[in-house]
């Protein structure tokens with residue numbers, strides 16, 4: 001029981017210092033692994049669920065991180081962020 005409490009405490013502490021994208025990825029991967037494992041009753045299903053959940057969580061976390069900013073590329077291929085143009 002004490003081991004489980006220590007593991008959960010470490011995970012909560014690690015997630016507290018992450019960006020929204022990293023947090024979304026971790027939460028999505030964990031949730032996807034649990035659901036995939038429960039539905040398929042196999043490690044393979046858990047792995048597929050973890051990947052799918054991680055991708056979805058990363059996209060959701062990234063969309064929250066810099067609201068109102070878009071990612072562009074200059075003529076040299078370098079990425080930069082700037083305010084998105086307003087659509088009226």
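In UniProt numbering, the protein residues as written are 1 to 88.
Ideal placement from N, C-alpha and C gives every residue a C-beta, glycine not left out.
| Item | Value |
| --- | --- |
| Residue 88 burial status per 10 Å Cβ neighbour count (16 or more: buried) | Because residue 88 sits at a pLDDT of 49, beneath the cut-off of 50, its placement in the model cannot be relied upon, and the following sentence gives the value as read from the coordinates. Exposed is the call here. |
| Reduced DSSP category for residue 80 - H, G, I as helix; E, B as strand; rest coil | strand |
| Exposed unless 16 or more other CB atoms sit within 10 angstroms - verdict on residue 38 | exposed |
| DSSP-derived helix/strand/coil call for residue 67 | coil |
| Alpha-carbon to alpha-carbon, residue 31 and residue 47 | 11 Å |
| Neighbour-count burial assignment, residue 75, 16 or more Cβ in a 10 Å radius | exposed |
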